[in-house]
């Protein structure tokens, strides 16, 4: 475990589950398809799911110029970006020690509007590639109108923490003698058979990115 | 689509994706294993993943009495509970129209501390059952000490919205002629082979709840 970069980001509960190294953070950010962005609007907290991508020390977000969340971010609102991967259900002998195995990352900060055309295009490419690797080279690239209608925000990775639980249940010592099965049910995200667009023209094969992703 | 119960909960972007009926909400809350709770601490937004369960018109949360989030909720802090289920990757012909299929619910409000013993025990049972149906009757129930160390918070379902995307890509009309595969890659949560606790005593069979959940 390294040190927290600030007091407010420090993992309080179950400190031994906290980590502050970039390797742990990047693993969670890169594996998770989506994140949840927390912000304050009219004095109240609000949390919205969105797609993100990490590029080096930056997390990019994109969306419509009409998005409330992106407009607030653009105007310098403080945000909390939380990404959670659920790895399993921990079935302990006692109800009390039931838990989840998970990896969760929290990044705090204020975003900047990306207005450099090259960085904007690269962010759009990386967001597409984050969700479906290899797809950018297959798809039609953004037109000027599409690009102009898309806000790109960048959050520097400076203040963050990662919280992880892994491994078997941690029951009270006396409970290990109970005749109750205990262990972990691993959970993963599985992809099903690709569903072609009903308007797909005849003779178009499933795209290589989709074949690779779905393993079909 | 029904009406939003308040202006602040109304779905702004892509209004046609918004719903305000309890059936849509309950489906998302009941299917999602975890939610993300947004709250304000020291003036800044914060988002933490946690386990929840819905019981009728109430969402229950539980955790340690030392949890910052639960202490804030106990003290009447406004929270935003967001739950997201990712149903698929939408691969459009244009990079711009790439999307996700998802169901996301947002519930706003302030929680109340549950101090009635009967309601507390029922909430603990329901939280356990939400994650792993059938487990409560298999596990050792909470002791007095465990129960006293557990905070239970209840959020009334009053102000909420659901946002959903489903179905095939929505490309620009001209792009349908492009020779690019388009469609949806469905995503689900899959459970793997249960991993017995290394300290499991000999001769204990996998619990019925675990067999049912993992389909093994």
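Chains as they are written, first to last, in the working numbering: chain A, 1 to 216; chain B, 1001 to 1216.
Cβ atoms here follow ideal geometry from the backbone N, Cα and C, with glycine treated the same way.
Quick one, which of B/1149, B/1211, B/1181 and B/1206 has its alpha-carbon nearest residue 1065 of chain B's?
B/1149
Of all Cβ atoms in chain A, is any one closer than 9 Å to the Cβ of residue 1158 of chain B?
no
Chain A contact residues for residue 1176 of chain B, given Cβ-Cβ distances below 7 Å
199
Inspect the CB distances between the segment 1019-1032 of chain B and the segment 25-36 of chain A and report whether three or more fall short of 8 Å.
Using a Cβ-Cβ distance cut-off of 8 Å, the segment 1019-1032 of chain B and the segment 25-36 of chain A are not in contact, since fewer than three pairs of beta carbons, one from each stretch, lie closer than that value.
Give the C-beta separation of residue 1079 of chain B and residue 1111 of chain B to the nearest angstrom, bearing in mind that I take them to be a contact with Cβ-Cβ under 8 Å.
Residue 1079 of chain B to residue 1111 of chain B, Cβ: 6 Å. Contact.
Find the nearest neighbour of residue 147 of chain A within the set A/173, A/115, A/72 and A/163, judged by alpha-carbon distance.
A/115
Nearest to residue 231 of chain A by CA position, among A/156, A/177 and A/192, is which residue?
Residue coverage of chain A in this structure runs from 1 to 216, which leaves residue 231 of chain A outside it and unanswerable.
Checking contacts by CB at 9 Å: is residue 1184 of chain B closer than that to chain A?
yes
Counting only Cβ-Cβ distances shorter than 7 Å, please list the residues of the segment 1005-1035 of chain B near chain A, keeping chain order.
Interface annotation for the segment 1005-1035 of chain B against chain A: 1008, 1012, 1013, 1033 and 1034, criterion Cβ-Cβ distance under 7 Å.
Smallest Cα separation from residue 1178 of chain B: which of A/97, A/71, A/123 and A/138?
Considering only alpha carbons, the answer is A/138.
Would you call residue 1145 of chain B buried or exposed, if buried means 16 or more other Cβ atoms sit within 10 Å of its Cβ?
exposed
For residue 153 of chain A, would you say it is in contact with chain B, using Cβ-to-Cβ distances shorter than 9 Å as the test?
no
Just checking my contact of residue 1200 of chain B with residue 136 of chain A at CB under 8 Å: how many whole Å lie between their CB atoms?
So it is not a contact: roughly 47 Å between Cβ atoms.
Would you kindly work out how many angstroms separate the C-alpha atoms of residue 1188 of chain B and residue 214 of chain A, rounded to a whole number?
12 Å
By DSSP, does residue 1002 of chain B sit in helix, in strand, or in coil?
coil
Paired residues, beta bridge with residue 49 of chain A - DSSP
A/36
One or two residues paired with residue 190 of chain A in a DSSP bridge
B/1188
Is residue 98 of chain A near residue 1083 of chain B, with beta carbons less than 9 Å apart?
no
How far does the alpha helix (DSSP H) with residue 85 of chain A in it extend, from its first residue to its last?
Here residue 85 of chain A belongs to no alpha helix (DSSP H); instead the beta strand (DSSP E) covers 78-91.
Could you tell me whether any Cβ in chain B is nearer than 9 Å to the Cβ of residue 180 of chain A?
Cβ-Cβ to chain B under 9 Å: yes for residue 180 of chain A.
Can you name the start and end residues of the beta strand (DSSP E) that residue 61 of chain A belongs to?
Run containing residue 61 of chain A: 58-64, per the beta strand (DSSP E) assignment.
Any beta-carbon of chain A closer than 9 Å to the one on residue 1164 of chain B?
no
In this structure, how does DSSP classify residue 123 of chain A when only helix, strand and coil are distinguished?
helix
Sheet register partners of residue 151 of chain A (DSSP bridge)
A/63
Within the same chain, show all residues whose beta-carbon is closer than 7 Å to that of residue 57 of chain A, passing over the 5 residues directly before and after it, in chain order.
156 and 157
Buried or exposed: residue 193 of chain A, going by 16 or more other Cβ atoms within 10 Å of its Cβ?
exposed
Does any C-beta atom of chain B lie closer than 9 Å to the C-beta of residue 108 of chain A?
yes
Counting only Cβ-Cβ distances shorter than 9 Å, please list the residues of the segment 101-134 of chain A near chain B, keeping chain order.
102, 104, 106, 108, 124, 125, 127, 128, 131 and 132
Counting only beta-carbon atoms, is residue 53 of chain A nearer than 9 Å to chain B?
no
Report buried or exposed for residue 143 of chain A, applying the criterion of at least 16 other Cβ atoms within 10 angstroms of its Cβ.
exposed
Compute the beta-carbon to beta-carbon distance between residue 1209 of chain B and residue 1163 of chain B, rounded to the nearest angstrom, for a pair I have assumed lies under 8 Å.
At roughly 32 Å, the Cβ-Cβ gap does not stay under 8 Å, so residue 1209 of chain B and residue 1163 of chain B are not in contact.
When burial is assigned at 16 or more other CB atoms within 10 Å of the CB, is residue 1094 of chain B buried or exposed?
Its Cβ being crowded by 16 or more others within 10 Å, residue 1094 of chain B is buried.
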